[in-house]
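Under my numbering, the first residue of the sequence shown is numbered 2, with each subsequent residue one higher. C-beta: ideal position from N, C-alpha, C; glycine also. Shown next, in structure tokens, is the structure this report addresses.
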Amino acid sequence: MSNQFQTLGIPIDRLCRNQTFGPLGTEDSGEIDVFLQNGDTVVLIEVKTKPIHEDVRDHIERIKKYRLYGNDNRRIIGAVAGGVVANDVANYAHKKGLYVIVQSGRAVEIIAQPEGFKAKEW
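Here it is in structure tokens:
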């Protein structure tokens, strides 16, 4: 997956799982399932077996919360990942500026973005 982001112009040099932020146990805290980073950018990924629209909305709110309480001034990009991602959910995520990652055999891949796609930066 890191190589795929590099192809998109986002080099990744570190991957963390289940990264927490904010004061634990408060509404200002949260957890990021997969956290990719380099010196300039973080990619925050929500992983679900079969993501739905609500998961996309929740992740966008989590990204906003991370911007406020994560003590990180780097560029933030979001993505949702799933074993199975329905076309309407993928389209919705793309419209919201998130990358979409799907299971592909033994690996995962970032699915092609629609024409005119621009990743939202927080």
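7 Å Cβ cutoff met for residue i and residue j
i, j, result
"C82", "G98", "In the sequence as displayed, the identity of residue 82 is Ala instead of Cys. No, the pair does not count as a contact, with Cβ atoms beyond the cut-off."
"R63", "G23", "no"
"I46", "D34", "yes"
"T50", "G84", "yes"
"R75", "T42", "yes"
"W123", "R68", "yes"
Same chain, Cβ closer than 6 Å to residue i, five either side skipped, listed in chain order
i, result
"I111", "Q5, Y100, I102"
"L37", "I13, L16, V44"
"Q20", "I33, F36"
"P115", "H95"
"T8", "none"
Where residue i falls, given that 16 or more other Cβ within 10 Å makes a residue buried
i, result
"A91", "buried"
"G26", "exposed"
"G79", "buried"
Close Cβ partners of residue i (< 7 Å) along its chain, the five nearest in sequence each way excluded
i, result
"V147", "Within the shown structure, residues of the chain are numbered from 2 to 123, placing residue 147 beyond reach of any answer."
"D56", "E47, K49, V81"
"V86", "P52, V101, V103"
Separation of residue j from residue i, as counted between CA atoms
i, j, result
"N72", "A94", "25 Å"
"E28", "I61", "15 Å"
"K66", "I77", "12 Å"
Residue-level contact to chain C via CB, residue i, 7 Å cutoff
i, result
"Y100", "Given the protein chain composition of this structure (a single chain), no chain C is represented."
Residue i: CB within 6 Å of a non-hydrogen atom of the ligand SAM
i, result
"Q20", "You won't find the ligand SAM in this model; it holds no ligand whatsoever."
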